[in-house]
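One structure below.
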Amino acid sequence: MVQGSAFLQQVSAKQDADQFRTEHWQGSFAEYLDLVRERPEVTRTAYQRLYDMVIADGQYAVEGSKNMVRYKFFDDPHNNGADAIFGLTRTLMELVNVFKSAALGYGTER
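Under numbering that gives the first Met the number 0, the final residue of the sequence shown carries the number 109; numbering is consecutive throughout.
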């Protein structure tokens, strides 16, 4: 069994301070406003980011069905389909519609 100090050393060895600083911004409110002026996308909501992420990969019509589309994001193109989601096309369409509605500020209600 790993002792407490040995465990802490293992955890510490896996930490990357440079990566942490890159991913975690700190600054004053005035600096934040300057950042927003330079890059307005930093103010996007989680729903906006989720919707953008799904839409970025594109979509295609499902053969043999009316008005159904499949979002390529759920085919897992970035991992060669290893984590693709099958058989839930209609449900995934509804989920993406919730993301879209929330991203546009209309709420997630149906």
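Here a beta-carbon is modelled for each residue, glycine too, at the ideal position from N, C-alpha and C.
Can you name the residues that DSSP bridges to residue i?
i	result
Tyr70	Gln58
Can you tell me whether DSSP reads residue i as helix, strand or coil?
i	result
Asn96	helix
Arg36	helix
Thr42	helix
Phe85	coil
Asn79	coil
Tyr50	helix
Thr111	Any property of residue 111 remains undetermined from this structure, which presents the chain solely from 0 to 109.
Tyr31	helix
What are the start and end residues of the alpha helix (DSSP H) that includes residue i?
i	result
Ser11	3-12
Thr21	16-22
Alpha carbon to alpha carbon, how far is residue j from residue i? Give it in angstroms, no decimals.
i	j	result
Asn79	Ala55	17 Å
Ala5	Tyr70	46 Å
Met67	Arg38	35 Å
Ser22	Asp15	Rather than Ser, the amino acid found at residue 22 in this sequence is Glu. Cα to Cα, the separation comes out at about 11 Å.
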